[in-house]
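Below: one structure, written as structure tokens.
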Amino acid sequence: TPRIANRLLRRVRDWALVHGIEQIDARAASAALDMYEVDKRGLDRLDRAVLEALITKFGGGPVGLSTLAIAVGEETETVETVAEPFLVR
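Numbering (our numbering) for the sequence shown: 3 to 91.
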């Protein structure tokens, strides 16, 4: 979504500022996203943990929010605001 793209762009920009990089090229963007554990699909650690839990622990679902949060080791509010909007679609 545009919101996620903008969030990732801000992360890359912040990383470049910290590292004194004035122009961000593909290598710099890749290094920044690697540091933030964002893979080539744009998934971060929480995204991958939620998907893995849904598939391996819950057979593809359905699963309750609090149970899923416990399975991925995150607060319920974090899973609800970050991952759940995409799972509900």
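Where is the CB? At the ideal position from N, CA and C, for every residue including glycine.
Start and end of the alpha helix (DSSP H) containing residue i?
{"i": "Asp-49", "result": "47-54"}
{"i": "Val-74", "result": "67-74"}
{"i": "Ala-18", "result": "4-20"}
Near residue i, which residues of its chain fall below 7 Å by C-beta distance, leaving aside the five closest residues on each side in sequence?
{"i": "Ala-55", "result": "Leu-70, Ala-73, Val-74"}
{"i": "Val-65", "result": "Leu-56"}
{"i": "Ala-31", "result": "Val-14"}
{"i": "Ser-68", "result": "Thr-78"}
Can you give the beta carbon distance from residue i to residue j, rounded, assuming they're within the 8 Å contact cut?
{"i": "Leu-48", "j": "Glu-76", "result": "6 Å"}
{"i": "Asp-46", "j": "Tyr-38", "result": "7 Å"}
{"i": "Leu-10", "j": "Val-40", "result": "7 Å"}
Answer with buried or exposed for residue i, where buried requires no fewer than 16 other C-beta atoms within 10 angstroms of its C-beta.
{"i": "Ala-34", "result": "buried"}
{"i": "Ala-85", "result": "buried"}
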